[in-house]
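Below is one structure, written out as structure tokens; comments come after it.
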């Protein structure tokens, strides 16, 4: 996978950061086929948490969320983040086929249905 | 000389002859004129007579027609009188007959009409009641549908307004804080329990 391929799923900045992190994770700073395979295997073994946010998150927020998981569950997770402005605020979560809605949209819908 | 004498004699003779001829012609003319006058007079008389006869005939015809008109008027009056009498009698007979028939049938007709009226009134009342009930049901149905539509529209409007309000009023920092709080809530709800199990497993 070269930089151009990475840019199809990540921004340029994210791609550079990914490669930099990949280089740092190896002692001699060289990326070999074996090391990439190893990294790939590691990534595939991580649990995937899907998050739908009401806005485009900043890199800082993504890192905060990632850190939150590390802090609370002592575990790295892969974050699959999408944005959906109709949520207004908050987020929806999907993990291992389970889904939970913590959006303001849901709160308003519940409030509205209770008052009808 | 002799020839001249002969000529004179001949001329004289010719003159005499002509004279007689003229005289004869004049006499004949007079005679014919008189005859014509006589004939005209006779013709006038005949015409006068014929005129008089015609006048007499016309007068007689007039008299006869006047007589006939008088007779016909009398006959007409006579016939009218008889006809009126006949009609009056027929009307009296028919009236009597009808009155008798009406008296006999009136009770039956009254009963029949009254029963039909009662039946019609009941049917009409039932029909009106059914239609009224149906109308009430339809009105209630329409009312419920309209109220539901109005509620939905109000709900949509309120939701949209609230959404717009929140979207405009929430800052990025607020959004991020809400996201982190939502993660905490999910943790409390044990939504991330599979992560603990996976780690332990």
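Chains as they are written, first to last, in this note's numbering: chain A, 3 to 118; chain B, 128 to 328.
Positions of the beta carbon are idealized from the N, C-alpha and C atoms, including for glycine.
Computed from a predicted model, the values in this text were never measured in an experiment.
| Neighbour-count burial assignment, residue 92/A, 16 or more Cβ in a 10 Å radius | buried
| field | residue 95/A beta carbon less than 8 Å from that of residue 53/A | value | yes
| Can you give the Cα-Cα distance for residue 174/B and residue 194/B, rounded to whole angstroms? | In a straight line, the C-alpha of residue 174/B is about 30 Å away from that of residue 194/B.
| Burial state of residue 244/B, where buried means 16 or more other Cβ atoms lie within 10 Å | exposed
| message | Which residues does DSSP list as the beta-bridge partners of residue 51/A? | response | 81/A and 97/A
| query | With 16 other CB atoms within 10 Å as the buried threshold, where does residue 59/A fall? | reply | Residue 59/A comes out buried.
| said: Per the DSSP calculation, residue 92/A is bridged to which residue(s)? | reply: Residue 92/A is bridged to 105/A.
| said: According to DSSP, is residue 17/A part of a helix, a strand, or is it coil? | reply: helix
| message | With a threshold of 8 Å between beta carbons, is residue 77/A in contact with chain B? | response | yes
| message | To the nearest angstrom, how far is the alpha carbon of residue 81/A from that of residue 104/A? | response | 17 Å
| request: Specify the secondary structure class of residue 34/A as computed by DSSP and reduced to three states. | output: coil
| request: Step through the CB atoms of chain C and report whether any lies within less than 8 Å of the CB of residue 262/B. | output: In the displayed structure, chain C is absent; the protein chains listed are A and B.
| request: With DSSP collapsed to three states, give me the class of residue 317/B. | output: Looking at residue 317/B - three-state DSSP - the assignment turns out to be coil, as it is neither helix nor strand.
| Exposed or buried, residue 296/B, counting other C-beta atoms within 10 Å across all chains shown (16 or more means buried)? | exposed
| Within this structure, are the beta carbons of residue 70/A and residue 310/B separated by less than 8 Å? | yes
| field | Cutoff 6 Å; reference residue 290/B; Cβ partners in own chain excluding five residues on either side | value | none
| query | Buried or exposed: where does residue 151/B fall if 16 or more other Cβ atoms within 10 Å of its Cβ makes it buried? | reply | exposed
| message | Between which two residues does the alpha helix (DSSP H) holding residue 298/B run? | response | First-last for residue 298/B: undefined, no H or E at that position.
| task | Please state whether DSSP places residue 247/B in a helix, a strand or coil. | result | helix
| query | To which residues of the same chain is residue 3/A closer than 7 Å at the C-beta, ignoring the five residues directly before and after it? | reply | Any reading at residue 3/A needs caution, since the residue's pLDDT is 48, under 50, leaving its predicted position unreliable; the model's value is listed next. Non-local C-beta neighbours of residue 3/A in its own chain, meaning closer than 7 Å and more than five positions away in sequence, are absent.
| Between residue 279/B and residue 57/A, is the Cβ-Cβ spacing less than 8 Å? | no
| field | Residues of its chain near residue 264/B, where Cβ-Cβ distance is below 6 Å and the 5 sequence neighbours each way are ignored | value | none
| Best match in 64/A, 25/A, 39/A and 13/A for proximity to residue 51/A [C-alpha to C-alpha] | 64/A
| query | Helix, strand or coil for residue 234/B per DSSP? | reply | In the structure shown, residue 234/B sits in a helix (DSSP, three-state: H, G or I).
| request: Would you check if the distance between the CB atom of residue 83/A and the CB atom of residue 45/A is smaller than 8 Å? | output: Not in contact: residue 83/A and residue 45/A (Cβ atoms no closer than 8 Å).
| field | Against chain A: residues of the stretch 289 to 303 of chain B by CB proximity under 8 Å | value | 289, 290, 293, 294, 297, 299, 301, 302 and 303
| Residues that residue 305/B contacts on chain A, provided the C-beta gap is smaller than 7 Å | 91 and 92
| said: Can you give me the C-alpha to C-alpha distance between residue 254/B and residue 108/A, rounded to a whole angstrom? | reply: 52 Å
| task | Would you please verify whether the beta carbon of residue 21/A is less than 8 Å from any beta carbon of chain B? | result | no
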